[in-house]
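Quick note, this note's numbering runs 18 ahead of the 1-based positions in the sequence shown. C-beta atoms are modelled at their ideal positions from N, C-alpha and C, and glycine is treated no differently.
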Amino acid sequence: MNAAGFPLLSLLTFLPLAGAAIILSVRGEEAVIARNARWTALWTSLLVFLLSLLLWVKFDTGSAGFQFEEKLSWLPEFGVGYHMGVDGISVLFVLLSTALTPICILASWESIETRVREYMVAFLILETMMVGMFAALDFIVFYVFFEAVLIPMFLIIGVWGGPRRVYAAFKFFLYTLLGSVLMLLAILYLWYNAGTTDIPELFEYQVPRAAQSWIFFAFLASFAVKVPMWPVHTWLPDAHVEAPTAGSVILAGVLLKMGAYGFLRFSLPLLPEASAEFAPLIYVLSIVAVIYTSLVALAQEDMKKLIAYSSVAHMGIVTLGIFTFNAQGLSGALFTMLAHGVVSGALFLCVGVLYDRVHSRDILRYGGVAKIMPAYALVFMLFTMASVGLPGTANFVGEFLVIIGAWQVNPWVAFGAALGMILGAAYMLYLYRRVIFGRITRDDLRTLLDLSPREYATFAPLILLTLWMGIYPQPFLDFFEATVTALVARHEAAVSVSRLAGM
């Protein structure tokens, strides 16, 4: 339990399951079941979000340790227990997960018309898995949540997705599951040698240098797919294109952060020497991802596919920042992860607004939308500028810090990150100009209605967050500071000891 004796993290993790159980218990006509499922899912997710705000209010930003801890004996003979807690790295991702879930449910209000009950249940189960994954402080508990996330997302894509949904769902599932098998072997090695799977205890265990390299690559096999890093990114465009709008939002907003979170939580603190040794490899893969996927994005005619490739490029900047091993790079990576979660989710919602009206994501299908949907054009412009990294919007702060951190490592690495911002401006401005400006090319576009009250309510919190993070980022950076400082100091000390031992 935490200091107050209240299991807040467990409540946040498992309360969505209670909402899912209520939805499944409803009986009656299909229309009644669908209506009750929507409202139950929305109120449950809103309650979870409001409770999660206690993390924001009660979190001690001056402490680098884990807070709100809960421990229960589970398999003591094997050194496995139920252990939950958050620190400066994980607390805001719990909040991001709980904030995006009600937005996704609201965005699905009218677009999901079949099997509504099952869809809402899948989203609530997904919220449980996301929160549990970020809050888990036992490696086995983490692994269970980390892999269980695949199941509801697989169903969301495979049942409610587009024409090629089954192909995309299986590709997503197999790609992400395959790498995790190697991570499980690494976890078993750590358990066998350290005698525990408790993450804080494992931080005190010094992994032998001879084993660090293969464990690093075992983790890399899993986390790189989740990010996703080049060249194991090919599942992402298919998943985004075929997923329903809300599925794309949660996939880009939260699930892509799981791999980067794994690097921060495990690779850097547990494997400092191997992380330092293979950092140049990560730089190369990250810069290739930034440049290559940005150029591919420029060639896309499908709006969702363009934004999907842009996500790979932005996450390349994140992985580059993580492996700079300095405070600016790590803080920038964390901030970019949060900002990307908000901005990319909003961009997919923008695409969903048009798709719900016209049922097409072809960029060449549109033109002149600003003349008939001016409010929508303004909202789309804000998130386009945020994706580009315009000062005063969320993405600018994180990417600027990453470039500063990368410059301390190597100016050419910083140049690669900066080039991604330039190319990002090229493909995002191409998208916005082609869809929003120009002539109205089709008669059916002239009858489009502007944003509805429900859509205003969906975008409003994302607009506020985008501007808040861009104009006044300090409250968010305060959450990272103590934990990042401790992580950098720990990494530098471990690498220094290794170098002295090798002399």
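Nearest neighbour of residue i, chosen from the options [CA to CA]
i: F96; options: L273, D156, F188 and P34; result: D156
i: T465; options: S514, V376 and L480; result: V376
i: M439; options: G363, F353, S328 and F343; result: S328
i: Q524; options: E291, R472, A435 and E145; result: No answer is possible for residue 524: the residues shown for the chain start at 19 and end at 521.
i: T194; options: N428, G277 and A264; result: G277
i: T263; options: E87, Y137, L168 and T62; result: Y137
i: P287; options: Q230, V259, F24 and I268; result: Q230
i: P218; options: I489, M102 and V149; result: M102
i: S405; options: I169, L485, G423 and Y384; result: L485
i: F418; options: P170, V453, P491 and W92; result: P491
i: Q346; options: H332, Q426, M391 and A393; result: Q426
i: V149; options: E131, S108, V177 and M171; result: S108
i: V431; options: L303, Y450 and I489; result: L303
i: W92; options: F86, Y100 and I233; result: Y100
i: V306; options: I335, K323, S285 and L289; result: I335
i: G265; options: L338, F67, L367 and F241; result: L367
i: E473; options: F67, H251, L26 and A364; result: A364
i: I40; options: R56, I175 and E87; result: R56
i: V314; options: A412, G442 and V139; result: G442
Rounded straight-line distance, which links the Cα of residue j to that of residue i
i: E47; j: G416; result: 49 Å
i: F414; j: V112; result: 22 Å
i: T116; j: V272; result: 10 Å
i: L72; j: A36; result: 20 Å
i: A21; j: S378; result: Any reading at A21 is ruled out, since the residue's pLDDT is 47, under 50, leaving its predicted position unreliable.
i: V371; j: L316; result: 22 Å
i: V361; j: M403; result: 10 Å
i: L90; j: L29; result: 14 Å
i: F32; j: T146; result: 6 Å
i: D374; j: S129; result: 7 Å
i: A59; j: W253; result: 29 Å
i: V104; j: M201; result: 22 Å
i: R182; j: L463; result: 26 Å
i: L348; j: V50; result: 49 Å
i: E17; j: M247; result: Examination of residue 17 is not possible in this model, given that the chain is present from 19 through 521 alone.
i: V513; j: S293; result: 10 Å
i: I444; j: E319; result: Inspection of the sequence shows that residue 444 is occupied by Ala rather than by Ile. Distance between the alpha carbons of A444 and E319 is about 14 Å.
i: G386; j: G456; result: 5 Å
i: M19; j: W209; result: Here the model assigns M19 a pLDDT of 45, short of 50, so the residue's position is not dependable and the matter cannot be decided.
i: L220; j: L356; result: 27 Å
i: L173; j: C122; result: 16 Å
i: W178; j: K189; result: 16 Å
i: Y394; j: L447; result: 16 Å
i: L110; j: F497; result: 8 Å
i: T311; j: A331; result: 6 Å
i: F160; j: A154; result: 5 Å
Residue i, buried or exposed, once every other Cβ within 10 Å from all chains shown has been counted against 16
i: F477; result: buried
i: P94; result: exposed
i: L400; result: buried
i: K244; result: buried
i: S126; result: buried
i: A507; result: exposed
i: K275; result: buried
i: G410; result: exposed
i: I325; result: buried
i: T459; result: exposed
i: K76; result: exposed
i: G280; result: buried
i: E222; result: exposed
i: I489; result: exposed
i: N344; result: buried
i: T62; result: buried
i: F24; result: exposed
i: A228; result: exposed
i: S470; result: exposed
i: E88; result: buried
Secondary structure of residue i, DSSP reduced to three states
i: M247; result: coil
i: D320; result: strand
i: Q426; result: helix
i: L466; result: coil
i: D374; result: helix
i: F497; result: helix
i: D78; result: coil
i: Q224; result: coil
i: L348; result: helix
i: L90; result: strand
Near the ligand SAM: residue i beta-carbon under 6 Å from a heavy atom
i: A424; result: In the structure shown, the ligand SAM is absent, as is every other ligand, since no ligand is present at all.
Practice task
Please go through the stretch 94-139 and give each complete alpha helix (DSSP H) segment of 4 or more residues, from N-terminal end onward.
Solution key: Runs found: 109-125.
Practice task
Scan the stretch 153-177 and note each continuous alpha helix (DSSP H) run of 4 residues or more that stays entirely inside, going in chain order.
Solution key: Counting only runs of 4 or more, we get 157-166.
Exercise for the section: Ignoring anything shorter than 4 residues or poking outside the stretch 250-331, list the alpha helix (DSSP H) runs there in chain order. Expected result: Restricted to the stretch 250-331, the alpha helix (DSSP H) segments that are unbroken, complete and at least 4 residues in length are 253-260, 263-268, 275-280, 290-295 and 297-316, listed in chain order.
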